[in-house]
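Okay, structure first, notes after.
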Amino acid sequence: MRILKLRCKFCGYWNRVPVNKIFLEQTSPEPKVKVFIPMYLPLQVSKCEKCEKIIAERKELIRIVKGNHHEKTVK
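Here it is in structure tokens:
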């Protein structure tokens, strides 16, 4: 278990969200090369401490993108 600092997209407040870090395999053009993408799986439904809106749900994977604060993908 890790604690991920996640910024609320509604009010901009930084929240702490308990997550598990997992690695998903991505297809590669070369068959001998394996590419793994680090993603985070929230352990509980998390609400923003300031505005009380939901910022992370259990079934959504969170991927950290450089230059962007966060990106969620549903799996």
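Using the working numbering, you'd call the opening residue of the sequence shown number 1 and step up by one each time.
Using N, Cα and C, we set each Cβ at its ideal position, and we do this for glycine too.
Just so we're clear, the structure is a prediction, and the values are computed from it rather than from any experiment.
Taking only three categories from DSSP, how would you classify residue i?
i: Y40; result: strand
i: S46; result: strand
i: V65; result: coil
i: K21; result: strand
i: E60; result: strand
i: K53; result: coil
Taking Cβ positions, are residue i and residue j nearer each other than 8 angstroms?
i: P42; j: V17; result: yes
i: I37; j: K47; result: no
i: N20; j: E49; result: no
i: R7; j: M39; result: no
Who does residue i pair with in a DSSP beta bridge?
i: E30; result: Answer is none; E30 lacks a bridge partner.
i: K5; result: R16
By alpha-carbon positions, which one of the options ends up nearest to residue i?
i: V45; options: R58, V33, C51; result: R58
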